[in-house]
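As you go down the protein sequences, you meet chains G and D in turn.
According to the working numbering, the first sequence is numbered sequentially starting from 1217.
According to the working numbering, the second sequence is numbered sequentially starting from 16.
Have a look at the structure below, then the notes.
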Amino acid sequence: MKSFSLIRKLVGSSMWQNPGRAIITVIGIMASTCAVVWIVSGYDALVSQFDENAEKYLGRYDAILLPSAPPGSLQTIDANLVAELRQDPGILELNPITQSRVSVTRVQKERETTEESALGLLVGSRPPVNGAPPIDPILVGTPAAEPPYEMVEGSWFTSATSAQSAVISEGAARQVGVTIGDDILITSLANQVRLKIIGIAEQPPAAPSLRGGRPPGRGARSDSTREGNGKPDRQRSAAPDAEEADGDTKQATDSPRLGLPNAYVQGPAVSAVYVRPELSEKINGFASTANVLQLSFRDGVELEEFQSVWRDRFSAASPPVRAVGFEAIRGGMTSTRDISSQRSQAWAATGMAAMAAVFIIFSTLSMGVSERTREFAMLRAIALTRTQLAGIIAFESVTLAILGWISGLAAGWVMLTAGSQFMPEFFDANVVLGRTTLLLTGLTVIAGALGAAVLPAWRAMRIRSLEATAAIATQPRRFRWMSLAIPGLLLAAAAPVTVFLAPLPDAWRSWLYGTVTWPALLIGIILLTPLIVVLCERTLAPPLTMLLGLDVRLVRTQLSSNLWRTIGATLALSLGLALYASTQTWGYSMLQPFLPGAWLPDMLVAFHPIGLDDEGIEAVHNVPGIETDGVLPLAIEQARFDWGKAGQPPRVQRDNAVLFGLDPERSLAGESPFLNLHFVAGDRETAIAAMQSGDGCLISEDFQMSTEYEIGDELSFTPPNAPEETVTYRIAGVVSLPGWHWITKFSGVRRHFVRTATVVFASQAAVSRDFHLHRTEFFWLNLESDTPLEKIEANLQAIAERDAGKSFQTEDAGTVKAYRPFARTTATETVRRAITLRAHDMIWGMSQLPLVTLIIMSLAVANAMLASVRSRRWEFGVLRSIGITRSQLVRLILAETILIGLVACILSLSFGLIAGWCGVGMAQYGGWFAGPPTFLIPWSQLSIGFSLTLLLCFLAGIWPAIQAGRTEPLKLLQAGKSAM
Amino acid sequence: MSNPAPPLRAVSLSKRYRQGTDVVHALQNFDLTLQAGEFLAIMGASGSGKSTLMHLLAGLTHPDEGSVFVEEQELAKLSDAELTRFRRRRIGLVFQALNLIPSLNVDENISIPLQADGAGKNAYARIDELVDRLGLSGRRKHRPYAMSGGEQQRVAIARALVYDPALILADEPTGNLDSVNSRNICQILRELNQQEKRSIIVVTHEPEVAMWADRIVVLKDGELLSELHTADFDSAHALALAYHEMVESAEQGELTA
């Protein structure tokens, strides 16, 4: 462009003359770049360290051998193959390891208290369950003479080491909070042992994805049982370990089979507690058979050569095995959950930062255009074309963006370097400013800058050269602005209509909501902004000015007279605040159906997998603290649906249900029934009669909504213990069961699968008979209020331990000896506390990025206030001259900034409530929750965001206010006049 | 030898504005021809249409009817970009106030049209000459806020001349100045007219300023009220008396009509 040097000069000199706005804008972009650097650099670090991490993962071995199996299955390597491999002269060392999932906790010292956590409350030192995520370290039984990784502290096992010793990986030690000499409790379904930590080994930073399976917690753990005909694979479990059967073989083979909670590790676990194989057997209750082999080759032996020799044998093994070396591990590093999670976070941060950059630059440019209208008009009159004027805006935008980007990268680098030194919990020492960071941050700000320049450039192009001769008196275009509210309302209404009213197929509804009506809601709210500004000004300005001791006429039309500026600042603030409000509203509304409802008894206790005999059942009745008649025995099984020809309803994502067999009369009848169920469809009496006949069942309301089943429809199941049979119940009622999810998640009733579709109630006799359940394993209890839960749990545990030494059958590991059977208690109140705690953590976690954005965006308000003060210097000068005090002037300016904050709060609340409400409504179509939408406005959480916004606005206004207040009236008049 | 084409011709210009539901005829069927080297003043009371005429002549707005020709180029036939370029090179504009970009110094302000055009270095030599001529040599690196109103207007005149335009249009160039500075600016314009034979139109309501012109066009209610020749008056005071008399009698006539 021929006139580039003029444009450069005009932009540069303007920034030089008015540095405040440029500096604030650059700081804003710098802050958003920093945020992206912080998040994306973690991803870059992972990417840059694939080689290093793959090498660290292998440790001192050259390769690993894994059984080929679907994710979630617990497969072992053929013992004959292991024996054959030992004969291979090319193998220097072969280390068979057994990995299993356990709970690991630190043995607390006296008077020591720990921070309460959701999983701590519900799992703690109890055995792992299918429903809970596998976040504890994995138990690794290893015979290796040397540690797999370098020892950080202490020592590896020697012949002199005590049998009750463990070595823990560095990260696991941090997670559990232990060091050398500390004791840990390892708990499995079969046992609980106390071990002393004798060493801490280096922990590889990442584990690769080696099977390409679904990540933990996402899918059913039952994939192994789906092979072939879709029936459970009973091959392994049909071969009980004779040595361990210990005379209980008959009892064991008669019992129903249990699915052991799986570790979901694909190769050697990185977060691990290492023990000797003998101890591993004692903990697990079954023989240590290798599920991973670690191999070291002799010098000169390469993996490819080894593979070519063993290929056929590996394929013929049952299950087949495969050798995995450096290259495969490196490849696996690129598709781990960490990588995809970091990538998602990087995209989210980038999106947010791009929006932040757009709004900050937009507000700056908009204000610049408004302030310099006459200057631009004069330039139009004497020299510049419309395109050249647009070029000024675009160049200014890109200049600010590049300055912000470069300083943001520099600040980000300083932040990462200093942060890793002083705040290692937030900043990883390995993070780097890599290619992705540079690319994403650069693209973000440049694209954001150009996007932000479009509207101001368009406005600048519309400036008429005529305006150079005199300020053209224009009527405030409030009404024109407000007319935007009509399309705004229509657009905003489209989202709720799509979610709640439109009769659409689920897939269409999801597509329409995600791609059309949610963005339309955003645009609608933006179009509604002028109306909200004017309404807020009319309603909030009088009380605010009264509060600040000012005359309302001084601020009555201040916002609406400068709508561009106000809208820019308000929208900038609302970007973070509205997301915060919608996250909070959605989060706490979604929490409601998951909170255990009043229908639940006080506690669910599981004596599984051994169960209790009659004597044991009687003992439960006599436990102090349990109400008289406060014991309801249950027959519980988790079984797959048999959908028959109709097939699985599309909204049902899980293929199984947890069946609760209970005494219908005791649990449902009478004035104060054991379960105080609310019938959504059907009635209590008919349901009791149907259940007593052995034919009827109750289903939950959310399941009914997702299946659209009606009373009288049939529901069929395949019993896990008799896959050739089909069990059918007829739906006799639909009941509301808030909170069934977490009650079943942590109580052990999910006996086979991680996820489940619903809870079904039927009669105890029918469930026991139909699912071949012989002993009572579960009870619902009502408790007296004054007995501590720990005491009741201890008494129940004592009852469970009466059956110590008995065996039970599992689908994966065959017969398991229960050295220490467990009474797993799940108190309703504890679940309520845990889920609330977890929800707080999650919702707060999701709200952090919006809050950071809000803080960055407050710079836009500072910018708006600077512009406001600048444009009103003449007015302020006159006001000061005619008697307005310095303090009144300061309060006047603060009133405007607080009003902007209030408008942003109301705008964000509007968006947050609608978006949150729609989000809750859409959950029923996403397949993971189909209950009736509940809507809750979390006022106390929202008030935190709103208070922060008002505080930020106050802070943003305070400097311009004080500056104006300190300036002499004459200087205000002179400065104002020179700008006219 | 034929007469050179007039630097400016306005033919049957009309301009209307809407004020609420009323239509205001700012200019009606107005004709004007500016001869080469002529110095013309346009006078009139507030609302007489003199500023509207000025805007139309500069191509800052378009007439509802009629045409403006600058050096026989009809402005309405130019696209927006072409008009901007034409104005940049052929019309020098001086406004009453806010003539200069506050963040640029004198040299930079003067060179805006050259820079906007991407003119070569040779073109910039003219700036030295203009700065000397307008007495701004010692102020070249100064920014507008550090200069008096008179100096700022001289910078605006220098900028208007930087492309050696066919026509200079000045809208109330002394409106913000004291009498001494007003006189200086008028002197400069007169010298430009006399020494360089530049065609100049000045819009003013001050007889003292109009007195520097050759011819005066008096507007009233968007129409030509009268044409005066300054040679017929021996002082600004005499011109002022004649002007007031003319305006008052026109108003009387309206009242009695």
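Glycine included, C-beta positions come from ideal geometry on N, C-alpha and C.
This one's a predicted model, so the numbers in the text were calculated from it and none came from an experiment.
Assuming contact is defined by CB atoms lying nearer than 8 Å, are residue i and residue j in contact in what I supplied?
i       : j       : result
G:F1962 : G:V2077 : no
G:P1420 : G:Y1277 : no
G:Q1315 : G:V1508 : yes
G:S1230 : D:S118  : yes
G:S1613 : G:I1555 : no
G:V1394 : G:I1402 : no
G:Q1800 : G:I1608 : no
G:A1389 : G:I1354 : no
G:L1766 : G:V1749 : no
D:I142  : D:A185  : no
G:I1313 : G:S1404 : no
D:I231  : D:M69   : no
G:L1656 : G:V1256 : yes
G:M1819 : G:T2041 : yes
G:G1704 : G:G1740 : yes
D:V233  : D:E187  : no
D:A20   : D:E87   : yes
Quick one: which chain G residues come within Cβ less than 8 Å of residue i?
i      : result
D:N114 : M1594
D:E123 : K1225 and S1229
D:D229 : Near D:D229 there are no residues of chain G at all, since even the closest Cβ is about 24 Å away, more than 8 Å.
D:L119 : K1225, L1226 and S1229
Per DSSP, residue i is paired with what?
i       : result
G:I1313 : G:V1508
D:H40   : D:R31
G:T1974 : G:A1873
G:C2121 : Answer by DSSP bridge pairing: none, since G:C2121 is not bridged.
G:Q2025 : G:R1473 and G:T2031
G:M1367 : G:A1417
D:R102  : Paired residue(s): none; D:R102 is not in a bridge.
D:Q88   : D:V85
G:Y1490 : G:V1356 and G:V1383
Run down chain G in chain order and give the residues with a C-beta less than 9 Å from the C-beta of residue i.
i      : result
D:G135 : What D:G135 touches in chain G: nothing, since even the nearest Cβ is about 10 Å away.
D:I215 : Within chain G, no residue comes near D:I215; the closest Cβ sits about 16 Å away, beyond 9 Å.
D:T189 : Simply none; closest approach about 15 Å.
Is DSSP giving residue i helix, strand or coil here?
i       : result
G:A1938 : coil
G:A1423 : coil
G:P1849 : strand
G:Y2141 : coil
G:E1459 : The pLDDT assigned to G:E1459 is 37, lower than 50, so where the model puts this residue is not dependable; a value taken from the coordinates is nonetheless given after this. Note: G:E1459 maps to helix in three-state DSSP.
G:K1412 : strand
D:V170  : helix
G:H1894 : strand
G:V1983 : helix
D:N178  : A small correction: the amino acid at residue 178 of chain D is Tyr; Asn does not occupy that position in the sequence shown. In the structure shown, D:Y178 sits in coil (DSSP, three-state: anything other than H, G, I, E or B).
G:A1718 : coil
D:A273  : In the structure displayed, chain D extends from 16 to 272; residue 273 of chain D sits before or after that span and is not available.
G:Y1925 : coil
G:N1998 : strand
Starting from the beta carbon of residue i, find every residue of chain G whose beta carbon is closer than 7 Å, and list them in chain order.
i      : result
D:A131 : S1219, L1222, A1599, L1600 and Q1604
D:D37  : What D:D37 touches in chain G: nothing, since even the nearest Cβ is about 15 Å away.
D:L108 : A1597 and I1598
Going along chain D in order, which residues have a C-beta closer than 7 Å to the C-beta of residue i?
i       : result
G:S1681 : L75
Tell me, to the nearest whole angstrom, how far the beta carbon of residue i is from that of residue j; I am working on the premise that it is less than 8 Å.
i       : j       : result
G:M1907 : G:A1948 : 6 Å
D:S29   : D:L42   : 6 Å
By the criterion of Cβ-Cβ separation under 9 Å, what are the contact partners of residue i in chain D?
i       : result
G:W2090 : Simply none; closest approach about 14 Å.
- prompt: Any residues in the region 1246-1278 of chain G with a beta carbon nearer than 9 Å to a beta carbon of chain B? Which ones, in chain order?
  reply: The structure shown has no chain B; the protein chains it does contain are G and D.
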